[in-house]
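Chains as they are written, first to last, in our numbering: chain A, 50 to 143; chain B, 1056 to 1223.
Ideal Cβ placement from N, Cα and C applies to all residues, glycine included.
Remarks on the structure that follows.
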Amino acid sequence: MMSYIFYIIAIVSAAMVGFLLRLPLLPERPMRQSWTISIVFPTIIIAVSLYAMFDYFKIYNGIYTAIIIGVFAAVFCRYLLEKLVPIPDRGDSQ
Amino acid sequence: MNEILAIVLGAVLSWLNFVLIDIWMGLPEAPGVRGAKAIGKSIEKRDGDLGGGYFSGNIVCSPDASAGTLLASCCYFAFHSPAGGLIAALFVYFGNRICADPGYAGTTGALTITILIWATSYIGLSPQNFIVGIVIAILTIQGLYHPLVSKLIGKMARKMNRKVIEPE
């Protein structure tokens, strides 16, 4: 059984830390062409998916895990994501 | 539920999920990579629609909502839980980023099909119906007759205000 409340805690934690790290709430419009990393996409998606992984495999679960995963997701998106999977050069992609 | 009926229903839901999300996310507007452009132009040359061709090309070249739908269905089945669909969304997102794609279509497709599988489990559909369903759905787009399918996709794209933007 999924512990929905902890997923919500992970989302809130990621969103709060994202705000503190000055991530925008949403990518700029048109969103479908934007590469901007924002709170809604992909910070919250990463937080929820990571918590699902920890919860399903019974590595750790509960309120502290949800908070720590939320913080990690926001810090990861702010500082590491673009280094790990950089935005492609226009010349490379087209 | 009768298994054949369940597979047909799974195929219809998967088709609608991936086609509508991919069009909404602008796949028919422009090719994401050179390969997608080549596929689009080739389909246009064979009396197809350029927007529909770019749509097919983009699906081939990066994991969009079609791959998101397939992977989320597989993970939901393997994990016996909606957590599988959520985990699939993470891997689809990173797969998208590696393939020069911002990742909106694939991730959204994975999350929406997870919700759909969870909701339809109450009327007797199971994740394996969706796995077969999405394979059939992708076959109808990529494997039968490109010119006709590309015209249908092009028409749907124009209705959803996603017209082709010619790359320079």
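- Look at S83/A: its C-beta is under 9 Å from a C-beta on chain B.
- Ranked by how close their Cα comes to the Cα of V1204/B, the residues A1174/B, D1102/B and D1156/B have D1102/B in first place.
- Boundaries of the alpha helix (DSSP H) harbouring R1089/B: R1089 to K1100, taken from the DSSP string.
- The segment 63-76 of chain A and the segment 108-115 of chain A do not touch, with fewer than three beta-carbon pairs separated by less than 8 Å.
- For the set A123/A, I136/A and F106/A, the Cα lying nearest the Cα of G1139/B is the one of F106/A.
- Of all residues in the segment 1126-1156 of chain B, only F1134, S1136, P1137, A1138, L1141, I1142, A1144, L1145, Y1148, F1149, R1152, I1153 and A1155 place a beta-carbon less than 7 Å from a beta-carbon of chain A.
- Y1159/B belongs to the set of residues whose beta carbon lies under 9 Å from a beta carbon in chain A.
- With contacts defined by Cβ atoms closer than 9 Å, C1129/B and G1087/B do not form a contacting pair.
- Contact check for A1085/B and Y1109/B: beta-carbon distance about 6 Å, within the 8 Å limit, so the pair qualifies.
- Contact between N1072/B and T1124/B holds: CB atoms are separated by about 6 Å, below the 8 Å threshold.
- One finds F1134, S1136, A1138, G1139 and I1142 in chain B with Cβ atoms closer than 8 Å to the Cβ of Y105/A, taken in chain order.
- Collapsing the DSSP output to three states places P135/A in coil.
- Looking from the CA of V1063/B, the closest CA among L1180/B, R1089/B, K1100/B and T1167/B belongs to L1180/B.
- DSSP places S1136/B in the coil class of the three-state scheme, outside both helix and strand.
- Under a criterion of Cβ atoms nearer than 8 Å, the residues of chain A adjacent to T1162/B are, in order, F90, P91 and I94.
- DSSP, reduced to helix, strand and coil, places S87/A within a strand of the structure shown.
- Contact between the segment 1140-1151 of chain B and the segment 1091-1101 of chain B is absent, with fewer than three C-beta pairs closer than 8 Å.
- Check the Cα spacing between V89/A and each of Y53/A, V134/A and A122/A: the tightest is with A122/A.
- Within the segment 70-127 of chain A, there are no complete beta strand (DSSP E) runs of at least 3 residues.
- In the structure shown, the three-state DSSP call for C1154/B is coil.
- Listed in chain order, the non-local C-beta contacts of I58/A below 8 Å within the same chain comprise I112, A115, I116 and G119, local neighbours out to five positions each way being set aside.
- Not a single C-beta of chain B is nearer than 9 Å to the C-beta of A63/A.
- Against chain A, the CB of G1188/B has no partner CB under 9 Å away; the residue lies outside that interface.
- Around the beta carbon of R1217/B, 16 or more other beta carbons lie within 10 angstroms, which makes this residue buried.
- Listed along chain A are P79, R81 and Q82, each with a C-beta nearer than 9 Å to that of G1081/B.
- Between A1192/B and D1077/B, the C-beta spacing is not below 9 Å.
- Boundaries of the alpha helix (DSSP H) around K1214/B: H1201 to K1214.
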